[in-house]
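Under my numbering, think of the first position of the sequence shown as 14, with each following residue one higher.
Single-structure report; data block below.
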Amino acid sequence: MTLSLAEQVAQMVVVRASGFLFDHQIRYSLWEPPAQRLQYWLQDLGVGGVILVDGSVAELAARTQLLQSWAKFPLLVAADVEEGVGQRFAGATWFPPLMAIGALANQSLEQAEFYAEKMGAITAQEALTVGLNWILAPVVDVNNNPKNPVINVRSFGETPERVSQLATAFIRGCQGYPVLTTAKHFPGHGDTAIDSHLELPVIPHADERLAQVELPPFIASMASGVDAVMMAHLLIPAWDTERPATLSPAIVQGQLRQRLGFEGLVVTDALVMGAIAKQYSPEEAAILAVEAGADILLMPLDPQVTIKAVCTAVAEGRISRERIEVSVQRIWQAKAKVFPDWQRSESYCFPHRDPKTLFDSLSQPTSQQLVRTILQDSLKQGGTLPLVLPQTPQPMRNLVIVDDLLNCGILGNHTPAIARPAQLGYRLQLVDCHAPVSSDSQNDSSLRISSDPTLLQVFIRANAFRDSSGLTQIAQDWLNILLRQNQLQGLVIYGSPYTLEQFLPQIPPKTPFVFSYGQTSVAQEIALKVLWGI
Numbered sequence: 014m015t016l017s018l019a020e021q022v023a024q025m026v027v028v029r030a031s032g033f034l035f036d037h038q039i040r041y042s043l044w045e046p047p048a049q050r051l052q053y054w055l056q057d058l059g060v061g062g063v064i065l066v067d068g069s070v071a072e073l074a075a076r077t078q079l080l081q082s083w084a085k086f087p088l089l090v091a092a093d094v095e096e097g098v099g100q101r102f103a104g105a106t107w108f109p110p111l112m113a114i115g116a117l118a119n120q121s122l123e124q125a126e127f128y129a130e131k132m133g134a135i136t137a138q139e140a141l142t143v144g145l146n147w148i149l150a151p152v153v154d155v156n157n158n159p160k161n162p163v164i165n166v167r168s169f170g171e172t173p174e175r176v177s178q179l180a181t182a183f184i185r186g187c188q189g190y191p192v193l194t195t196a197k198h199f200p201g202h203g204d205t206a207i208d209s210h211l212e213l214p215v216i217p218h219a220d221e222r223l224a225q226v227e228l229p230p231f232i233a234s235m236a237s238g239v240d241a242v243m244m245a246h247l248l249i250p251a252w253d254t255e256r257p258a259t260l261s262p263a264i265v266q267g268q269l270r271q272r273l274g275f276e277g278l279v280v281t282d283a284l285v286m287g288a289i290a291k292q293y294s295p296e297e298a299a300i301l302a303v304e305a306g307a308d309i310l311l312m313p314l315d316p317q318v319t320i321k322a323v324c325t326a327v328a329e330g331r332i333s334r335e336r337i338e339v340s341v342q343r344i345w346q347a348k349a350k351v352f353p354d355w356q357r358s359e360s361y362c363f364p365h366r367d368p369k370t371l372f373d374s375l376s377q378p379t380s381q382q383l384v385r386t387i388l389q390d391s392l393k394q395g396g397t398l399p400l401v402l403p404q405t406p407q408p409m410r411n412l413v414i415v416d417d418l419l420n421c422g423i424l425g426n427h428t429p430a431i432a433r434p435a436q437l438g439y440r441l442q443l444v445d446c447h448a449p450v451s452s453d454s455q456n457d458s459s460l461r462i463s464s465d466p467t468l469l470q471v472f473i474r475a476n477a478f479r480d481s482s483g484l485t486q487i488a489q490d491w492l493n494i495l496l497r498q499n500q501l502q503g504l505v506i507y508g509s510p511y512t513l514e515q516f517l518p519q520i521p522p523k524t525p526f527v528f529s530y531g532q533t534s535v536a537q538e539i540a541l542k543v544l545w546g547i
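Here it is, written out as structure tokens:
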């Protein structure tokens, strides 16, 4: 099969698209094209892949089939399903964050590896069921910085040994299915206090430290047969004082390819992220990434601009034709893995997925029980439990703090964190980053008048494009108020164990508390049952 230069470059591009079926459902119009434009990119330009976000699994199954029917060549269809397909697409299995499994390894490494492997297998099986063939997981960053706003509970743990053990188990689970796996974010995004979605973090460590801490999980993942490595948007002066890792030949070629010997796909992190987009034009970012050695350009702002820029760089002699052909060959090998019959058939057809297949293949009882087991076994609790309610009815407050109420899919009138306290007589108060506690809150008359015993529930974890440090301060301010007014009845934290570590020394020893790594309805249900001894 002979491709033109433009078609070859197009194969190196993976665009973002909505997982919803219809244009009026698109939530992020800056990044997600309407159907007509997306069809043009896939059908006429020959773009090589799509990364999908949002929607239900039923919509996604139809959506992926439609996209494949538009494509000039079979597509790599990717998603950030680090915690299972249900993390991004409603209806499938949503596992607790990876750090929950890492915490269980402290009790039994063998059991934790079993959970990680099962999680990988279930994620791969469910991905294939809905038409995904590229799993942008596992995260193999070593989260050794408690102030990390973007990795946090997405990591298996705080040591390279633990991350290596569990990441390889996850990859092993996926390998029973024809899907691609991805170790990210090279060479390690764990020791940062800045979110690369917003700004460019700097990793100041020497080569020796990087080799001891950051690199081992990548080396272990490569030895386990991981298909792709995603680059991190990080500046690492020990290796390159000028360019982020994503755009650095010294790091992509020198460290990843030559030093570590990786021969699979190298994919950039999203090129629309602030760490790159604030410093480079879309054209220059694409050219530099290809020069550095990237095979896949993930989420460029405009694929037409990207393809034209790289083709121009080839025509001007800045990039060799051979450099492009090497990447396309790797992409073709990856597609041969996920489409084993594609190049052997002139009329390759993608399997049809009917509703019964989805019902029989997704969120099965064994998967849901595994989720519950991980959540229950990784739960932390303390103080005087269970929380005993007053014998005589009195006003009580359920104070729930989240990062963004307008973008919060984990809460609703039906979810346990809201519904269960309401059943017990609590009145609800919701707070997010748009309603911080003012500096003179201690003088607020409504707060002084209110003496209601308060259940404080905090939902806090790493979220892309949303720095969690502001939410941490809001939660701390509210905790201060409740402690000062002797209103804190109980505390439940969902997500970051670092927030628990910060709060615990401040609360009275007898105050009941529960911590869950998860934030889903199931996580809420399990945590509140422990809190009230149900």
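Positions of the beta carbon are idealized from the N, C-alpha and C atoms, including for glycine.
Practice task
Would you mind working out which of Phe-372, Gln-404, Gly-144 sits nearest Gln-81, comparing C-alpha positions?
Solution key: In the sequence shown, the residue the question calls residue 81 occupies position 68. In terms of CA proximity to Gln-81, Gly-144 leads the group Phe-372, Gln-404, Gly-144.
Problem - Where Leu-492 sits in the DSSP three-state scheme - result: Along the sequence shown, one-based indexing puts residue 492 at 479. In the three-state DSSP reduction, Leu-492 falls in the helix class (H, G or I).
Handout entry: Per DSSP, the bridge partner or partners of Phe-127
Key = Residue numbering aside, residue 127 sits at position 114 when the sequence shown is read from its first letter. Looking at the DSSP assignment, Phe-127 forms no beta bridge with any residue, so it has no partner.
Exercise for the section: Could you tell me whether the Cβ of Ile-249 comes closer than 9 angstroms to any Cβ of chain B? Expected result: Included in the structure is just one protein chain, with no chain B present.
Exercise for the section: Determine the burial state of Asp-354: buried for a count of at least 16 other Cβ atoms within 10 Å of its Cβ, exposed for fewer. Expected result: Here the question's residue 354 lines up with position 341 in the sequence shown. Taking all protein chains shown into account, Asp-354 has fewer than 16 neighbouring C-beta atoms within 10 Å of its C-beta and is therefore exposed.
Practice task
Would you list, in sequence order, the uninterrupted beta strand (DSSP E) runs of no fewer than 3 residues that lie entirely inside the region 45-129?
Solution key: The region 45-129 contains these whole beta strand (DSSP E) runs: 62-66, 89-92.
Problem - Rounded Cβ spacing between Ala-233 and Ser-177 (contact assumed at less than 8 angstroms) - result: Position 220 of the sequence shown holds residue 233. Position 164 of the sequence shown holds residue 177. About 4 angstroms separates the two Cβ atoms, so the contact holds.
Exercise for the section: Determine the DSSP secondary structure at Met-286, reduced to helix, strand or coil. Expected result: Locating residue 286 in the sequence shown gives position 273, where the first residue counts as 1. Note: Met-286 maps to coil in three-state DSSP.
Practice task
Return the first residue and the last residue of the beta strand (DSSP E) that Lys-197 is part of.
Solution key: Sequence index remark: in the sequence shown, residue 197 carries index 184 (1-based). According to the DSSP assignment, Lys-197 belongs to the beta strand (DSSP E) that extends over 195-199.
Practice task
State the Cα-Cα distance for the pair Ile-264 and Ala-241, rounded to the nearest angstrom.
Solution key: Here residue 264 refers to the residue found at position 251 when the sequence shown is read from its first residue. Here residue 241 refers to the residue found at position 228 when the sequence shown is read from its first residue. Between the C-alpha atoms of Ile-264 and Ala-241 there is a straight-line separation of about 16 angstroms.
Exercise for the section: Sort out for me which residues DSSP pairs Ser-529 with in a bridge. Expected result: Indexing the sequence shown from 1 puts residue 529 at position 516. Answer is Tyr-507.
Practice task
Compute the Euclidean distance between the alpha carbons of Leu-1 and Asp-220, then round it to the nearest angstrom.
Solution key: An answer regarding residue 1 cannot be provided, because it is not within the stretch 14 to 547 covered by the chain.
Problem - Identity of the residue in Ala-430, Pro-229, Glu-255 nearest Val-413 by Cα - result: The residue you call residue 413 lines up with position 400 of the sequence shown. Measuring from the Cα of Val-413, the nearest candidate turns out to be Ala-430.
Handout entry: Under the three-state DSSP convention, the category Gly-32 falls into
Key = Within the sequence shown, residue 32 is the residue found at index 19, counting from 1. Gly-32 falls in the coil class under three-state DSSP.
Exercise for the section: Might you give, ordered along the chain, the residues of its own chain that have their beta carbon closer than 6 angstroms to the beta carbon of Arg-256, omitting 5 neighbours on each side? Expected result: One-based indexing of the sequence shown puts residue 256 at position 243. The answer is none, since no qualifying residue turns up.
Practice task
Use the C-beta contact count for Arg-461: other C-beta atoms within 10 angstroms, 16 or more gives buried, fewer gives exposed.
Solution key: The sequence position of residue 461 within the sequence shown is 448, counting from 1. Because the pLDDT at Arg-461 is just 45, under 50, the model does not fix this residue reliably, and the point stays unresolved.
Problem - C-beta atoms of Trp-107 and Val-384 nearer than 9 angstroms - result: Against the sequence shown, residue 107 aligns to sequence position 94. Against the sequence shown, residue 384 aligns to sequence position 371. For the pair Trp-107 and Val-384, the CB atoms are nearer than the 9 angstroms cut-off.
Practice task
Might you give, ordered along the chain, the residues of its own chain that have their beta carbon closer than 6 angstroms to the beta carbon of Pro-399, omitting 5 neighbours on each side?
Solution key: One-based indexing of the sequence shown puts residue 399 at position 386. Result list for Pro-399: Trp-545, Gly-546, in chain order.
Problem - Proximity winner among Ala-92, Leu-484, Ile-309, Met-25, relative to Val-66 (alpha-carbon distances) - result: Walking along the sequence shown from the start, residue 66 turns up at place 53. Of the listed residues, the one whose Cα sits closest to Val-66 is Ala-92.
Practice task
Could you tell me whether the region 133-147 touches the region 95-110, using the rule of 3 or more Cβ pairs below 8 angstroms?
Solution key: Of all C-beta pairs linking the region 133-147 to the region 95-110, three or more are shorter than 8 angstroms, placing the two stretches in contact.
Exercise for the section: Return the Cβ separation of Glu-130 and Arg-185 in integer angstroms, given the expectation that the two are a contact with Cβ distance under 8 angstroms. Expected result: Sequence index remark: in the sequence shown, residue 130 carries index 117 (1-based). Sequence index remark: in the sequence shown, residue 185 carries index 172 (1-based). Between Glu-130 and Arg-185 the beta-carbon gap is near 5 angstroms, inside 8 angstroms, which marks them as a contact.
Handout entry: Val-303 in three-state terms, based on DSSP
Key = Position 290 of the sequence shown, counting from 1, holds the residue named residue 303. Reduced to three states, the DSSP call for Val-303 is helix.
Handout entry: Spatial neighbours of Ala-283 in its chain, beta-carbon cut-off 7 angstroms, leaving aside the 5 residues before and after
Key = By 1-based counting over the sequence shown, the position of residue 283 is 270. Taken in chain order, the residues that qualify are Leu-311, Met-312.
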